[in-house]
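Just so you know, our numbering puts 64 at position 62 of the sequence shown, and the rest follows in order with no gaps.
By construction, the Cβ of each residue, glycine as well, lies at the ideal position given by its N, Cα and C atoms.
Right, one structure below, let's go through it.
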Amino acid sequence: MSLAIKSGQGGARILGLRPEIVIGLTIANDVFREFGFDCIVTAGIDGSHSRGSIHYKGLAVDLRTRHVPAAEHQKVVGKLQERLGDDFDVVLEGDHVHLEYDPKTPINA
3 MSLAIKSGQG GARILGLRPE IVIGLTIAND VFREFGFDCI VTAGIDGSHS
53 RGSIHYKGLA VDLRTRHVPA AEHQKVVGKL QERLGDDFDV VLEGDHVHLE
103 YDPKTPINA
């Protein structure tokens, strides 16, 4: 199982992804692999997201789930959240997992 970036027309744009989210992707790849699936990035800084979305700041990615059986979705999301910790949000959004780096505690706290 591997980490892949959706390519071609409508492919994911990853230019400008922040190091924090790249580390998150490394961990996400490990989790998907543990469940026996590829980790496929379908959106980075591209796509149609809400105004002010942190996708456009390089702090969020979307990961494909259509190749993962529905019965496994919550297990994968739970393991992702557990492994990534509180500075990341992991949200199942229909046909993908939204993964974002969004620390709740200031660095100097």
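C-alpha distance - residue i paired with residue j, whole-angstrom precision
i	j	result
residue 108	residue 89	10 Å
residue 6	residue 47	16 Å
residue 79	residue 35	13 Å
residue 102	residue 26	8 Å
residue 98	residue 110	33 Å
residue 74	residue 93	14 Å
residue 54	residue 9	25 Å
C-beta atoms of residue i and residue j nearer than 8 Å
i	j	result
residue 4	residue 32	no
residue 62	residue 100	yes
Buried versus exposed call for residue i [16 or more other C-beta atoms within 10 Å across all chains shown]
i	result
residue 69	exposed
residue 104	exposed
If we require 3 or more residues per run, which beta strand (DSSP E) segments fall completely within the stretch 4-71?
As far as the stretch 4-71 is concerned, its whole beta strand (DSSP E) runs of at least 3 residues are 5-7, 41-45 and 62-66.
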